[in-house]
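Undergrad:
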Amino acid sequence: EGPYFQSQRLDLHRDAALKLAVSGAAYYCDCPPEKYAGGDAVEETEDAKKEQGPRRITRCACREGKPGLSAESAAIRFRVPLGGVTRFQDAVFGPREVSNDEIEDFVMLRSPKVGQTHGGPTYQLSVVVDDIDMRITHVIRGSDHISNTPKQALLYLALGATPPIFAHVPLILGPDRTRLSKRHGATSVGSYRDEGFLPEAFRNFLALLGWSIGDAEFMRTAEIIEKFSLEGVSRTNAVFDRPKLEWFNVQYLQKLPIDELLPFIQGELERAKLWQPEWAGEKREWFSKTVDLLRPRTRLLPDFATWSRAFFSDTFEIDPAAREKFWKDERLGGMLGKLADALAALPEWNHDACDHTLRELAAAEGVKAGVLINATRVAIVGQAVAPPLFETMLVLGRDRVVNRLRVAVEILASH
RNA sequence: GGCCUGGUAGAGUAAUGGUUAACUCGUCGCCCUUUCAAGGCGAAGAUUACGGGUUCGACCCCCGUCCGGGCUACCA
Numbered sequence: 221e222g223p224y225f226q227s228q229r230l231d232l233h234r235d236a237a238l239k240l241a242v243s244g245a246a247y248y249c250d251c252p253p254e255k256y257a258g259g260d261a262v263e264e265t266e267d268a269k270k271e272q273g274p275r276r277i278t279r280c281a282c283r284e285g286k287p288g289l290s291a292e293s294a295a296i297r298f299r300v301p302l303g304g305v306t307r308f309q310d311a312v313f314g315p316r317e318v319s320n321d322e323i324e325d326f327v328m329l330r331s332p333k334v335g336q337t338h339g340g341p342t343y344q345l346s347v348v349v350d351d352i353d354m355r356i357t358h359v360i361r362g363s364d365h366i367s368n369t370p371k372q373a374l375l376y377l378a379l380g381a382t383p384p385i386f387a388h389v390p391l392i393l394g395p396d397r398t399r400l401s402k403r404h405g406a407t408s409v410g411s412y413r414d415e416g417f418l419p420e421a422f423r424n425f426l427a428l429l430g431w432s433i434g435d436a437e438f439m440r441t442a443e444i445i446e447k448f449s450l451e452g453v454s455r456t457n458a459v460f461d462r463p464k465l466e467w468f469n470v471q472y473l474q475k476l477p478i479d480e481l482l483p484f485i486q487g488e489l490e491r492a493k494l495w496q497p498e499w500a501g502e503k504r505e506w507f508s509k510t511v512d513l514l515r516p517r518t519r520l521l522p523d524f525a526t527w528s529r530a531f532f533s534d535t536f537e538i539d540p541a542a543r544e545k546f547w548k549d550e551r552l553g554g555m556l557g558k559l560a561d562a563l564a565a566l567p568e569w570n571h572d573a574c575d576h577t578l579r580e581l582a583a584a585e586g587v588k589a590g591v592l593i594n595a596t597r598v599a600i601v602g603q604a605v606a607p608p609l610f611e612t613m614l615v616l617g618r619d620r621v622v623n624r625l626r627v628a629v630e631i632l633a634s635h
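Written as structure tokens, this is what we have:
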């Protein structure tokens, strides 16, 4: 269903408040908010400190009925019963019971601003009216809402409805153990998507924050849905651990069937303006193979467009650090040139042929194969870190490999 | 301040009164090796916040203390 917008249901909310005012379950109040709120500010008197700290005002004279008030001039407050307790069921925290004396006469409908005939509903009213209307059976939300739940339970009763089952789940905390907020960096799911986390990996990570089933860690969404139960939800707030999130992403990047992964890589390459439509058509198999080759070394989606760029484009930089690390030997220029010639002359382009060619050359030049392998890798993909060399050569194709080697020879010669 | 709520290695969790407190991430080491990951093997890391009590026996039940978090709006 939906989405529904609260702003389109304002009349329903207002009518509910009016109805309660008529029945006596609520009343009009035009006290200034500061007075009623009973916040610390008002009560910082010596007297207050001497006693049990600031005392809150939860009931005021308007409760007894103040003539002449209406929704056009005042707010509507809920008339909380004097004495007694309010109960509700919480699937995570168990049965809850709160003394009514602890519950203030909260506002349901605000007093109107100038030019308005009535004010808007508050959150408490809106959610209850909507949830009754939509026959919601379970209200699952963060435990920061637990303290306000008695107010809502009262509202359900007053509106002649049965309260739903509530389930308050633990909050997610930042490394400093305060509730996750902007201050801790990214807090929206969108920002994690933008960073290149796979939605399913993120879901898996999140699901395990405050819930678990045995030792299970890696769980596809379908499995989580199947195994989830409110009974397994913990009551302890959890700290958001970025390294573990990344671990999940690596797992998904590794284990997902390649066809499920491809659309995400496509999206990433499109964003980087590297995408070629043929990779979804006649060259799909090549694309799939290349992604499969790259993915064991990736952590986040952008890896496919950054250090893997040379697999998808002919315009790429040679990483200075890679050069520094593997282009040390002075004879490299000559060797890479000979390698290019030998590869170009190969009757067949396959893994073993490339392998033999390179090793023979290394032996002939009296240098360890590793030296030539690493230098070649830098030449053809511009990076010190990449998939195994001969597989890389295969997906790149002979022309690219030979061309890139010759470019490398020039670069080496000019230094 | 008041009310609510929580406290098991650095992080996420398990063990729902009964052997040396288990698993995952992270950390460290080894193996694999063509770079770097992944993977495999192993290690370090916890007087279960602290103090009492109940019990033959407590992470688990009770009380207190400390610490954390939430709420305390005519915000959601």
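Mapping of the first sequence onto the working numbering: position 143 corresponds to residue 363, and the numbering continues sequentially without gaps. Cβ coordinates follow ideal geometry from the N, Cα and C atoms, glycine included. Given the structure is predicted, the values throughout are model-derived calculations rather than measurements.
#1: Using DSSP with H/G/I as helix, E/B as strand and the rest coil, what is D310?
#2: Taking C-beta to C-beta, are L616 and A560 nearer than 9 Å?
#3: Should P223 go down as buried or exposed, given a rule of 16 or more other Cβ atoms within 10 Å for buried?
#4: Taking C-alpha atoms, which residue in R551, A564, V605 lies nearest to A582?
#5: Rounded to the nearest angstrom, how far is the Cβ of L418 from that of F484, given a contact under 8 Å?
#6: Any idea what DSSP makes of E221, helix, strand or coil?
#7: Considering only DSSP beta bridges, list what F438 is partnered with.
#8: Looking only at its own chain, which residues have a Cβ that is under 8 Å from the Cβ of L494, when we skip the five neighbours before and after it?
#9: Could you tell me whether the Cβ atoms of I323 and T357 are closer together than 9 Å?
#10: Leaving out five residues on either side along the sequence, give the residues of the same chain with a beta carbon under 7 Å from the beta carbon of Q344.
#11: Short check: CB of R423 to CB of I392, under 9 Å?
#12: With a threshold of 7 Å on Cβ separation, who are the neighbours of W467 within its own chain once the five nearest residues in sequence on each side are excluded?
#13: Are the Cβ atoms of H388 and D310 separated by less than 9 Å?
#14: Excluding the five sequence neighbours on either side, which residues of its own chain have a C-beta within less than 6 Å of the C-beta of V359, listed in chain order?
#15: Within 10 angstroms of its Cβ, does I331 collect 16 or more other Cβ (buried), or is it exposed?
#16: Which one or two residues does DSSP pair with V459 in a beta bridge?
#17: What number of angstroms, rounded off, separates the C-alpha of T306 from the C-alpha of L521?
#18: What residue does the alpha helix (DSSP H) around R543 start on, and which one ends it?
#19: Are A604 and D539 touching if we call contact CB-CB under 9 Å?
#20: Leaving out five residues on either side along the sequence, give the residues of the same chain with a beta carbon under 6 Å from the beta carbon of R597.
#21: What does R579 pair with, by DSSP beta-bridge criteria?
#22: Can you tell me whether L578 is buried or exposed? The criterion is at least 16 other CB atoms within 10 Å of its CB, across all chains shown.
#23: Three or more C-beta pairs under 8 Å: does that hold for the region 541-557 against the region 580-594?
TA: This is what the structure holds:
#1: strand
#2: no
#3: exposed
#4: R551
#5: 6 Å
#6: coil
#7: None; F438 has no bridge partner.
#8: A525, R529, F532, S533
#9: no
#10: F326, M328, N368, K371, Q372, L375
#11: no
#12: none
#13: yes
#14: P384, F386
#15: First, the amino acid is wrong: residue 331 is Ser here, not Ile. Buried.
#16: L393
#17: 50 Å
#18: 540-546
#19: yes
#20: A606, L609
#21: For R579, which the question treats as bridged, DSSP gives no partner whatsoever.
#22: buried
#23: yes
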